[in-house]
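Enquirer: Starting off with a structure, shown below.
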DNA sequence: TTTAAAGCTTCCCATTGTGGGAAGGTCAAG
DNA sequence: CTTGACCTTCCCACAATGGGAAGCTTTAAA
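Protein chains in written order, with the numbering used here: chain V, 6 to 142; chain X, 6 to 142.
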């Protein structure tokens, strides 16, 4: 292996340090979210700690439910010196909206199901208000 | 076209009556959720009103967030004369659990984001607590 | 009757984000 | 030098839906 300067590492180590699987790191690279890293002579990807930081950033953004497309933009803003925090805030607010909407949808489903289940005896007999409702109208 | 008895229809009409797209009807058939229908001599699928009812059933179950796998079981239970309503109720309760869990996850995301956004000025300056948080640690 | 539009068929591809696995090259330790 | 762990690329899968192409059938109008 080619000796590289400083604290560089291969994909497995970067994965361990960042908490992002090697599979995903390659995927992020393939969709252009992550820059193509240098390679050793034998073709192994080489990463530095800055890459690990970026991967952690991505991971955190994922944990907040941001889409890949949004994360691509966020990484760009993060790196940008001339960014305006208003842009980031706008993305965050818009994402909160999406989350709230999704929550409402799921709540509606849950509420509807709760109503149905409390009317269902849930015994050995075939009669079932849940199925009746699904089949109704 | 072969004259078929009674009120039979082709896939387009079944789609319109059930509210399930023709694309999806074929898909449901391909994954075994829906029985393979009879065909005309020229290969067109033939449906009856009972199929439309089943499709509506599926559509309603989807609207409640049930997975295809669950719906397959629900349709089976619906058709079964010997079903026990307890089985249906158990599926419903389990699904409610999943929904509630998902809701909690989304709520956590939303709450976390709300906290971050209210600390972000959102102006023309680059300083941004949201990005800082994503990059932290 | 002929023709054009609308509808049907199958097959393939894309989405989102993640994982599994195969086939084959590389590196490190015994 | 072998073995095992690691890397590479490439393909497939999930769930549910939609888009579209190529080609055949039915229907409605001219």
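Glycine included, C-beta positions come from ideal geometry on N, C-alpha and C. Only a predicted model underlies this, so the values are computations on that prediction, with no experimental measurement involved.
Enumerate in chain order the residues of its own chain whose CB-to-CB distance from residue 66(X) is below 7 Å, with the five nearest sequence positions on each side excluded.
Expert: The residue you call residue 66(X) lines up with position 61 of the second chain. If we look at residue 66(X) and ignore the five residues flanking it on each side, its Cβ neighbours are 76 and 79.
Enquirer: Just how far apart, CA to CA, sit residue 39(V) and residue 48(V)?
Expert: The residue you call residue 39(V) lines up with position 34 of the first chain. The residue you call residue 48(V) lines up with position 43 of the first chain. Their backbone Cα atoms lie some 17 Å apart in a straight line.
Enquirer: Give the residues of chain X in contact with residue 128(V), contact being defined as C-beta atoms less than 8 Å apart.
Expert: In the first chain, the residue the question calls residue 128(V) occupies position 123. Per Cβ cutoff of 8 Å: 89, 90 and 91.
Enquirer: For residue 101(V), return the contacting residues in chain X, with the cut-off set at a CB-CB distance below 9 Å.
Expert: Sequence index remark: in the first chain, residue 101(V) carries index 96 (1-based). Residues of chain X passing the Cβ test: 114, 115, 118, 119 and 122.
Enquirer: DSSP on residue 52(X), reduced to helix/strand/coil?
Expert: As a working mapping, residue 52(X) is identified with position 47 in the second chain. In the structure shown, residue 52(X) sits in a strand (DSSP, three-state: E or B).
Enquirer: Mind checking residue 126(V): buried by the 16 CB within 10 Å criterion, or exposed?
Expert: The residue you call residue 126(V) lines up with position 121 of the first chain. It counts as exposed.
Enquirer: Roughly how many angstroms separate the alpha carbons of residue 130(V) and residue 32(V), rounded to a whole number?
Expert: As a first step, residue 130(V) is located in the first chain; it is residue number 125 there, counting from the start. As a first step, residue 32(V) is located in the first chain; it is residue number 27 there, counting from the start. Cα-Cα distance, rounded: 51 Å.
Enquirer: Among all the DSSP beta bridges, which residues are the ones paired with residue 43(V)?
Expert: Numbered from 1 along the first chain, position 38 holds the residue referred to as residue 43(V). BP columns for residue 43(V) point to 51(V).
Enquirer: Kindly indicate which residue of 107(X), 137(X) and 95(X) has the alpha-carbon position closest to the one of residue 123(V).
Expert: What you label residue 123(V) is simply residue 118 of the first chain in a count that begins at 1. Minimum Cα distance to residue 123(V) is reached at 95(X).
Enquirer: Is any beta-carbon of chain V found at less than 8 Å from that of residue 81(X)?
Expert: Position 76 of the second chain holds residue 81(X). No, residue 81(X) lies away from the interface with chain V (no Cβ there is under 8 Å from its Cβ).
Enquirer: Considering only the beta carbon of each residue, do residue 56(V) and residue 90(X) sit closer than 8 Å?
Expert: Here residue 56(V) corresponds to residue number 51 of the first chain, with the count starting at 1. Here residue 90(X) corresponds to residue number 85 of the second chain, with the count starting at 1. No, Cβ-Cβ distance for residue 56(V) and residue 90(X) is not below 8 Å.
Enquirer: Under a three-way DSSP split, which group does residue 82(X) fall into?
Expert: Within the second chain, numbered from 1, the residue matching residue 82(X) stands at position 77. Three-state result, residue 82(X): helix.
Enquirer: Determine whether the Cβ of residue 39(X) lies closer than 8 Å to any Cβ atom of chain V.
Expert: Position 34 of the second chain holds residue 39(X). Judged by the 8 Å Cβ criterion, residue 39(X) is not in contact with chain V.
Enquirer: Given a cut-off of 8 Å, decide if residue 104(X) and residue 100(V) are closer than it, judged by their beta-carbon atoms.
Expert: Mapped onto the first chain, residue 100(V) falls at position 95. Mapped onto the second chain, residue 104(X) falls at position 99. Contact flag unset, no.
Enquirer: Based on Cα-Cα distance, which residue from 46(X), 43(X), 140(X) and 60(X) lies nearest to residue 28(X)?
Expert: The residue given as residue 28(X) occupies position 23 in the second chain. Of 46(X), 43(X), 140(X) and 60(X), the residue nearest in Cα terms is 60(X).
Enquirer: Starting from the C-beta of residue 14(X), find all residues in its chain whose C-beta is less than 7 Å away, skip the five residues before and the five after it, and write them out in chain order.
Expert: Numbered from 1 along the second chain, position 9 holds the residue referred to as residue 14(X). The residues are 52.
Enquirer: Alpha carbon to alpha carbon, how far is residue 136(X) from residue 137(V)? Give it in angstroms, no decimals.
Expert: As a position in the first chain, residue 137(V) is number 132, starting the count at 1. As a position in the second chain, residue 136(X) is number 131, starting the count at 1. So the two alpha carbons sit approximately 50 Å from each other.
Enquirer: List the residues that DSSP assigns as beta-bridge partners of residue 14(X).
Expert: If you number the second chain from 1, residue 14(X) lands on position 9. DSSP output for residue 14(X) lists 52(X) as bridge partner(s).
Enquirer: Excluding five sequence neighbours on each side, which residues of the same chain lie with their C-beta closer than 6 Å to the C-beta of residue 133(X)?
Expert: Within the second chain, the letter at position 128 stands for residue 133(X). Taking residue 133(X) as the centre and dropping the five residues before and after it, the same chain places the C-beta of 125 closer than 6 Å to its C-beta, in chain order.
Enquirer: With 8 Å set as the bound, which would you pick, yes or no: does the beta-carbon of residue 65(X) sit closer than that to a beta-carbon of chain V?
Expert: Position 60 of the second chain, counted from the first residue, corresponds to residue 65(X). Yes, contact with chain V.
Enquirer: By Cβ distance below 8 Å, which residues in the same chain neighbour residue 41(V) in space, the five residues on each side in sequence not counted?
Expert: For the purposes of this step, residue 41(V) is identified with residue 36 of the first chain, where counting begins at 1. Closer than 8 Å at the Cβ level, and outside the excluded window around residue 41(V), lie 34.
Enquirer: List the residues of chain V that residue 30(X) touches, going by C-beta distances under 8 Å, in chain order.
Expert: As a working note, residue 30(X) is residue 25 in the second chain. By Cβ distance, chain V contributes nothing, its closest Cβ being about 17 Å from residue 30(X), past 8 Å.
Enquirer: What does a CB cutoff of less than 8 Å around residue 16(X) pick up in its chain, not counting 5 residues either side in sequence?
Expert: Working through the second chain from its first residue, we reach residue 16(X) at position 11. By the criterion of a C-beta distance shorter than 8 Å, residue 16(X) is surrounded in its chain by 27, 30, 31, 49, 50 and 52, once the five residues flanking it on both sides are discounted.
Enquirer: Does residue 21(X) come within less than 8 Å of chain V when only Cβ atoms are used?
Expert: As a working mapping, residue 21(X) is identified with position 16 in the second chain. Answer no: the Cβ-Cβ gap between residue 21(X) and chain V never drops below 8 Å.
Enquirer: Mind listing the chain V neighbours of residue 60(X)? Cutoff is C-beta to C-beta under 8 Å, in chain order.
Expert: Counting from 1 along the second chain, the entry for residue 60(X) is found at position 55. The contacting residues do not exist; residue 60(X) stays about 11 Å from chain V at best.
Enquirer: So which of 97(V), 98(V) and 72(V) has the shortest CA-CA distance to residue 36(V)?
Expert: Indexing the first chain from 1 puts residue 36(V) at position 31. It is 72(V).
Enquirer: Tell me which residues share the same chain as residue 20(V) and place their Cβ nearer than 7 Å to its Cβ, disregarding the 5 neighbours each side in the sequence.
Expert: As a working note, residue 20(V) is residue 15 in the first chain. Excluding positions up to five away in sequence, the list reads 26, 27 and 30.
Enquirer: Would you mind telling me which residues of chain X sit closer than 8 Å to residue 107(V), beta carbon to beta carbon, in chain order?
Expert: Along the first chain, one-based indexing puts residue 107(V) at 102. Correct list: 111.
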